[in-house]
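Report on one structure; see the data block that follows.
In my numbering, the protein residues as written are 69 to 297.
This is the structure in structure tokens:
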């Protein structure tokens, strides 16, 4: 079957539509955790017990922007390619904008971050594409949509988008390199959790009881900086 694809910015402030969209997002997210579990900081076991209200609350978290890839039958007219129709087959999360103080990771070994009046700063995470639709450029579309949103929200400033990936995830690294991201230091698992909005994934002691897991600087940081338009 032939498809056409469209990226939507999920309207988390719509009280009427959000419960329905949260249900669709929950199904997509749980599928992602089942298919590509190692790529995420969370697990299916944790999120499968979330209630409907918890899914809604997660989508309404401050500074969180969710982008969804939707597949439609190839002959679907543009006016019918709405977020509540079609099959949800991918998503990406963008967090921000953050201030320089919050965004900066002092010991990462990365480049100096610009001041807040010069650039807006964002964290991208949880990029996923269903295996049935891979090879169609969906992940690239999701990432580009998030980057375009960051640039537009910068309000005539430059924008800096950061991602953190596992050192063994070579294919993902190549994808981001192809979109203009460059190496920008290294992070610990604890820093990745905090930067990706997953602080609740850290143990109560912040990982001090297992420093090899949480505080070894193995994660790869990549950034893409866009000049003001």
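Cβ atoms here follow ideal geometry from the backbone N, Cα and C, with glycine treated the same way.
Which residues DSSP lists as bridging residue 288, in chain order
233 and 254
Margin query: The beta strand (DSSP E) that contains residue 161, what's its start and end?
Written below: 155 to 166
In chain order, which beta strand (DSSP E) runs of at least 3 residues are fully inside the region 75 to 113? Within the region 75 to 113, no complete beta strand (DSSP E) run reaches 3 residues.
Taking the C-alpha atoms as reference points, what is the distance between residue 210 and residue 195?
8 Å
Subject >> Start and end residues, alpha helix (DSSP H) containing residue 121 >> reply: 120 to 127
**Prompt:** According to DSSP, is residue 226 helix, strand or coil?
**Reply:** strand
**Asked** By DSSP, does residue 242 sit in helix, in strand, or in coil?
**Response** helix
- Message: So the candidates are 204, 227, 87 and 269; which of them puts its Cα closest to the Cα of residue 157?
- Response: 204
Check your understanding: Nearest to residue 217 by alpha carbon, out of 113, 74, 135 and 248?
Key -> 135
Could you tell me the alpha carbon to alpha carbon distance between residue 113 and residue 102, rounded to whole angstroms?
Spanning the two alpha carbons is a distance of roughly 10 Å.
Quiz item: If you check the beta carbons only, do residue 219 and residue 227 fall under 8 Å apart?
Solution: yes
Legend entry - Where residue 191 falls: helix, strand or coil (DSSP): strand
**Q.** Same chain, Cβ closer than 6 Å to residue 222, five either side skipped, listed in chain order
**A.** 188
For residue 70, name the three-state secondary structure that DSSP assigns.
Residue state, collapsed to three classes: coil.
- Helix, strand or coil: which one does DSSP assign to residue 262? Look at residue 262 here: in three-state DSSP terms it is helix.
Nearest to residue 100 by alpha carbon, out of 87, 88, 115 and 80?
-> The residue with the shortest Cα to Cα distance from residue 100 is 115.
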